[in-house]
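Engineer: To start, I am sharing the structure in question, which I have written as structure tokens.
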Amino acid sequence: MNNIAIYLRISVLEKGNLGHTEDTINSQRNIIKNFIFNDQELKKANIEEFIDEGYSGSTTSRPGLDKLLLKVKQGKINCIIVKDMSRFMRNYIEMGDYLENIFPFMGVRFIAVNDDYDSSKEVQNGTELDIQFKNLLNDYYSRDVSEKMTTALLTAKKQGKYTSGTPPYGYLKDPEDNYKLIVDEKVAGNIRYIFQLILEGYSLNETAKILNSEGVMTARARRQEIKGYDAYANRWESTVEDTIWSHSMVRRILNNEAYTGTFVFNKSTKSKLDGGKVIYHPKEEWVRIYDNHEALISKETFDEVEEILKSRHRKSFGVKKKKYKNSPLATFIRCSKCGYKIRFNKSSNGKELVGINLYCYHCRMLEQEEKLPHYKELEKDVFEILKDKFHTDKTEKKKLLDEQKELYDKNHQLLKKKRIEFENYKFGKISREDFLEIKNQIQESEEENKERIQAIDEELKQAGCIDNLTEDIVRKYIKTIYISGKGIERIEYQ
Ligand SMILES: [Zn+2]
């Protein structure tokens, strides 16, 4: 027969803000009871409730929890059910310890309803009990809290467990092993893309704008997709900010060491006083496990980006202007295959600009990338094309103006001739038929001349002295330049 312990907890903070939280003792109880009721086996068990009201999940000693753990020790409980893991324990290291080591050893099944966790359905839940685990248990029962913490940290360190709630954007919990992070292939590219944009010289804000304009999925949207519902929808602190990219979301990603494969913990704890206020620890107290999971970003790139952000902070002026200063085509080039804007990757040898590499991010992500021509070559080609098409020097201009003047004169003469022929007809010197034929001929010539006058107008309007390529000149004539690996495919003119 099963002896089930239901553990319910709310913190001081929640107690004081009940208007804002739906996670009351009652609602936790309802969710758990509903779960039990729908399980053929659990429904027949004895149920005992353990409640802690006004205690934070990071508080180690709680009357309700203490009572429950005592009963576990006495072998009187063989199943614990909570709404979610954080209700049971906020400290993920310890939580991991319980799930991985202590409960399996005690033969206790642990269920966290909303986390979809059931230890009886987990693989590798510690059935092979080795000496390491036994030592850990000795520690757990004999030493004081701080020592226990150290041991737990060491264990977590050794095992590299990811035991906190939601994995960072770009990672998923391994379905085979809930404490392992695996790469979320669907969005991992977005993380690399964000780092890339910063390296290319975009600011946090510009990066966010690019992500939004390209419809890059946000972390929240991805979580919703994975879970099948929006966990944030009913939270009072939920803002529109999470549904689109913002500079602070971009910054959070750039600052997250998890992307280098490092697992950082002990960044903060919740105060046992002050209603569970979060206390941030100084960086020296952070504990890191390197190579804990697959890295999305190299350590070098991560550091480089951190350096860029720091230096921008120091001199936040003139960054943008500098970026395009020597590349007038920058905003006009698109990929002929997919239509996306071509990106610039400036390579430097540490001191000076060595070259500008062009690539299509979109094609790269689809693994259809072509090696694009070098930027300077394109510049040369565009310059030749513009010169050929639009360059007009002074003598040419004068010739055009002279031709136009001549045409105006010709039309003036034609008008005169038309009047004379009309008089000839009126005074009976020529027949009506003859007059009409002459009149049509005159009008035809007039039309031809007018057309040529307009054409010259157009030509003069576009005529310019193109002796070097600046962004202004490019903008005057060109809308878009489509390129491929072969070079310029076509140009859309203004
Ligand atoms: Zn492309």
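The sequence shown begins at 1 in full-length UniProt numbering and counts up one residue at a time. We put the beta carbon where it would ideally sit given N, CA and C, even for glycine.
With DSSP collapsed to three states, give me the class of Y375.
Structural biologist: Of the three classes helix, strand and coil, the one that applies to Y375 here is helix, per DSSP.
Engineer: Count the other C-beta atoms from every protein chain shown that fall within 10 angstroms of the C-beta of N440, then say buried if there are 16 or more, exposed otherwise.
Structural biologist: So N440 counts as exposed.
Engineer: Who's in the neighbourhood of ligand 1, going by beta-carbon under 6 Å from any heavy atom, listed in chain order?
Structural biologist: With the cut-off at 6 Å, the residues found are C335, K337, C338, Y340, C360, H362, C363.
Engineer: In this structure, does DSSP put G464 in helix, strand or coil?
Structural biologist: In this structure, G464 counts as strand in the three-state DSSP scheme.
Engineer: Would you mind working out which of H247, K405, T166 sits nearest Q224, comparing C-alpha positions?
Structural biologist: Ranking H247, K405, T166 by Cα distance to Q224 puts T166 first.
Engineer: Which word fits S86, buried or exposed, when buried means at least 16 other C-beta atoms lie within 10 angstroms of its C-beta?
Structural biologist: So S86 ends up on the buried side.
Engineer: Counting Cβ pairs closer than 8 Å, one from the segment 397-407 and one from the segment 443-455, do we hit at least three?
Structural biologist: Contact holds: three or more Cβ-Cβ distances are below 8 Å.
Engineer: Does DSSP classify E492 as helix, strand or coil?
Structural biologist: Three-state DSSP puts E492 in a strand.
Engineer: Check whether the Cβ atoms of N30 and I4 lie closer than 8 Å to each other.
Structural biologist: Contact: no.
Engineer: Does the Cβ of D144 have 16 or more other Cβ atoms within 10 Å, making it buried, or fewer, making it exposed?
Structural biologist: For D144, the pLDDT reaches just 38, beneath the cut-off of 50, and the residue's location in the model is therefore unreliable, although a value from the coordinates is still provided. With fewer than 16 other Cβ atoms within 10 Å, it is exposed.
Engineer: For the putative contact between K400 and E459, defined by C-beta atoms under 8 Å, what is the C-beta separation to the nearest angstrom?
Structural biologist: It is Leu, not Lys, that sits at residue 400 in the sequence shown. With a Cβ gap of about 6 Å, L400 and E459 count as contacting.
Engineer: What residue from E489, L70, Y117 has the CA that sits closest to C338's CA?
Structural biologist: The candidate whose alpha carbon is nearest that of C338 is E489.
Engineer: What do you get for E403, buried or exposed, if any count of 16 or more other CB atoms within 10 angstroms of its CB means buried?
Structural biologist: Burial call: exposed.
Engineer: Applying the 10 Å Cβ sphere with the 16-neighbour rule, what's the burial state of Y280?
Structural biologist: Looking at its Cβ environment, which holds fewer than 16 other Cβ atoms inside 10 Å, Y280 is exposed.
Engineer: Cα-Cα, which of I420, I478, N256 is closest to Q462?
Structural biologist: When only C-alpha atoms are compared, the closest one is I478.
Engineer: Once the 5 residues before and after I253 are set aside, which same chain residues still bring their CB inside 6 Å of it?
Structural biologist: Same-chain partners within the cutoff: I194.
Engineer: Compute the distance between the beta-carbons of Y169 and A208, then report whether it is under 8 Å.
Structural biologist: For Y169 and A208, no; Cβs fall outside 8 Å.
Engineer: Determine the direct distance from the alpha carbon of E206 to that of A330, and round the result to whole angstroms.
Structural biologist: Taking the straight line from one Cα to the other gives about 15 Å.
Engineer: With a threshold of 8 Å on Cβ separation, who are the neighbours of I191 within its own chain once the five nearest residues in sequence on each side are excluded?
Structural biologist: Excluding positions up to five away in sequence, the list reads Y169, G170, I253, Y259, L296, I297.
Engineer: Tell me which residues share the same chain as Y493 and place their Cβ nearer than 8 Å to its Cβ, disregarding the 5 neighbours each side in the sequence.
Structural biologist: Around Y493: Y477, I478, K479.
Engineer: How is the alpha helix (DSSP H) around F332 delimited, first residue to last?
Structural biologist: No alpha helix (DSSP H) holds F332; DSSP gives it neither H nor E.
Engineer: Can you grab the Cα-Cα spacing for the pair E446 / Y375, in whole Å?
Structural biologist: The straight-line gap from Cα to Cα measures roughly 49 Å.
Engineer: Using the beta-carbon count (16 or more within 10 Å), is E147 buried or exposed?
Structural biologist: At E147, the pLDDT of 46 sits below 50, so the modelled position is not reliable; the number obtained from the coordinates is stated separately. Flag for E147 reads exposed.
Engineer: Report the residue ranges of all beta strand (DSSP E) runs contained in full by the segment 13-72; include only those spanning at least 3 residues, in chain order.
Structural biologist: Here the runs fully enclosed are 46-53.
Engineer: Please list the terminal residues of the continuous beta strand (DSSP E) segment that includes V287.
Structural biologist: Unbroken beta strand (DSSP E) run through V287: 287-289.
Engineer: Can you check which of these residues, F88, F37, R475, is closest to T60 by C-alpha distance?
Structural biologist: Cα-wise, what sits closest to T60 is F88.
Engineer: Contact defined as beta carbons within less than 8 Å: I believe G464 pairs with T392. What is the distance between those atoms, to the nearest angstrom?
Structural biologist: Their Cβ separation, rounded to whole angstroms, is 7 Å, which keeps G464 and T392 in contact under 8 Å.
Engineer: Please report how far the alpha carbon of S246 lies from the alpha carbon of L172, in whole angstroms.
Structural biologist: Answer to the nearest angstrom: the Cα atoms are 23 Å apart.
Engineer: To the nearest angstrom, how far is the alpha carbon of I308 from that of I198?
Structural biologist: Whole-angstrom Cα-Cα distance: 8 Å.
Engineer: Closest by CA to residue 513, which one among D184, L211, I481?
Structural biologist: The question about residue 513 has no answer, for the chain in this structure spans 1 to 494.
Engineer: If you follow the alpha helix (DSSP H) that F422 is part of, which residue opens it and which one closes it?
Structural biologist: Counting along the chain, the alpha helix (DSSP H) containing F422 begins and ends at 394-426.
Engineer: Rank L414, F105, R9 by C-alpha distance to the C-alpha of Y55 and give the top, closest one.
Structural biologist: Nearest of L414, F105, R9 to Y55, Cα basis: R9.
Engineer: Looking at the secondary structure, which residues open and close the beta strand (DSSP E) in which A82 lies?
Structural biologist: As written in the sequence, residue 82 is Val, which differs from the Ala given in the question. Looking at the DSSP string, the run of the beta strand (DSSP E) that includes V82 is 79-82.
Engineer: In whole angstroms, what separates the C-alpha of D434 from that of F422?
Structural biologist: In a straight line, the C-alpha of D434 is about 10 Å away from that of F422.
Engineer: Pull the bridge partners of A5 from the DSSP assignment, please.
Structural biologist: Looking at the DSSP assignment, A5 forms a beta bridge with E48, I80.
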